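Colleague: One structure coming up, written as structure tokens, with questions to follow.
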Amino acid sequence: MDEEDTLVLSQTVEGDEIAMLLMIELVANAPLSYRDRVLVPDFRLDILSMPDGEAKDQFRFITSDLQRLVRYLRIPDPVITKEGVRATALEALAVCLRRMAFPQRWIDMAGMFGRAPSTLCHIFYFVVEHLDKTFAELLYFDAVRIAKNLDRYCQAIAAKTPAYIEGVWGFIDGTVRPICRPGIGQQAVYNGHKRVHAFKFQTVGLRTV
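Each residue of the sequence shown is one higher than the one before, starting from 9 at the first, in our numbering.
Right, dumping it as structure tokens:
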């Protein structure tokens, strides 16, 4: 290799080093990418001013029924979650009912309630835990009420059946809630009928009229 080739090679190496240094400098000074903060509307949903039709569409209850439910379900007013989130009892119930009326993301509800997604989540779970603690026996199986009205349930069902079926007081019903496939134990939550991974909530439906 002569002197001319050596000079060209030296210049090439220096050029590569300079290019590498420039690239490192650009990367070091580049702004870090981050998730944009969720913009939450600066307002609170005025539930009492909603028309009954809209309230029923959103929560499945009209506004006067919502107020009665707050009393009957013994929801504290104000609601204060363990995270320190505060809400009125009516707002907390509305958040819970809206979430249960139709599966949707917290971010989708933020625009409706004017609350951050994490705040809505805290409120929802407060209400669910309150209902579970307060009415656990009734939610599992209200044996006392059913025993008192068993004959009436059987008669109501028999009167509505062509063959006059006797001895039937309720019907098993269920709701399938699809979930993501778990990494462990996925077989336990796989629903072969719907062909999805899901939780299934079973109930007994009654007929009283």
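Glycine included, C-beta positions come from ideal geometry on N, C-alpha and C.
All values derive from a computational prediction rather than experimental measurement.
Whole angstroms are fine: how far does the CA of TRP177 sit from the CA of ALA171?
Modeller: Cα to Cα, ALA171 sits roughly 15 angstroms from TRP177.
Colleague: For the segment 158-170 against the segment 181-193, are there 3 or more C-beta pairs whose distance is under 8 angstroms?
Modeller: Segments in contact, no.
Colleague: Using the three-state DSSP reduction, which class does ASN199 fall into: helix, strand or coil?
Modeller: Strand.
Colleague: Below 8 angstroms on the Cβ atoms is my contact criterion, and I expect LEU139 with VAL103 to pass it. Report the Cβ-Cβ distance as a whole number of Å.
Modeller: Incorrect: roughly 13 angstroms between the Cβ atoms, too far for contact.
Colleague: Do ILE83 and ALA100 have their C-beta atoms closer together than 8 angstroms?
Modeller: Yes, the pair counts as a contact, with Cβ atoms nearer than the cut-off.
Colleague: Suppose the cutoff is 7 angstroms on Cβ atoms and the five residues either side in sequence are ignored; what does the same chain contact list for TRP114 look like?
Modeller: Once the five neighbours on either side are set aside, the close Cβ partners of TRP114 are PRO125, LEU128, CYS129.
Colleague: Have a look at the DSSP bridge pairing and note the partners of PHE179.
Modeller: According to DSSP, which records beta bridges pairwise, PHE179 is partnered with GLY213.
Colleague: For the alpha helix (DSSP H) that contains GLY61, what are its first and last residues?
Modeller: 60-67 is the span of the alpha helix (DSSP H), which, as asked, contains GLY61.
Colleague: Mind the definition here: the segment 86-101 touches the segment 130-149 only if three or more C-beta pairs lie below 8 angstroms; say whether that holds.
Modeller: Because the criterion of three Cβ pairs below 8 angstroms is met, the segment 86-101 and the segment 130-149 touch.
Colleague: When you compare only the Cα positions, how much space is there between PHE149 and GLY182?
Modeller: So the two alpha carbons sit approximately 15 angstroms from each other.
Colleague: Using 10 angstroms around the beta-carbon of ALA95, count the other beta-carbons present and answer buried if the total reaches 16, otherwise exposed.
Modeller: Classification for ALA95: buried.
Colleague: What is the rounded straight-line gap between the Cα of ALA166 and the Cα of ALA151?
Modeller: So the two alpha carbons sit approximately 21 angstroms from each other.
Colleague: Tell me the DSSP secondary structure of PRO186 in three-state form.
Modeller: Here PRO186 sits in strand by DSSP.
Colleague: Going by CA-CA distance only, name the one from ARG153, THR211, ALA196, ARG52 that's closest to GLY119.
Modeller: Among ARG153, THR211, ALA196, ARG52, the Cα nearest to that of GLY119 is on ARG52.
Colleague: CB PRO186 to CB HIS205, shorter than 8 angstroms?
Modeller: For PRO186 and HIS205, yes; Cβs fall inside 8 angstroms.
Colleague: As a quick exercise: from GLN194, ARG68, GLU174, pick the residue whose alpha carbon is nearest that of LEU158.
Modeller: Ranking the options by Cα distance to LEU158, first place goes to GLU174.
Colleague: Restricting to Cα atoms, I'd like to know which of VAL93, GLY92, ARG106 is closest to ILE70.
Modeller: Among VAL93, GLY92, ARG106, the Cα nearest to that of ILE70 belongs to ARG106.
Colleague: For LEU214 and ILE180, I'd like the C-alpha separation in whole angstroms.
Modeller: Roughly 9 angstroms separates the two Cα atoms.
Colleague: If you reduce the DSSP assignment to three classes, tell me which class THR14 lands in.
Modeller: Caution applies to THR14, whose pLDDT of 48 falls short of 50 and renders its modelled position unreliable; the model cannot decide the point.
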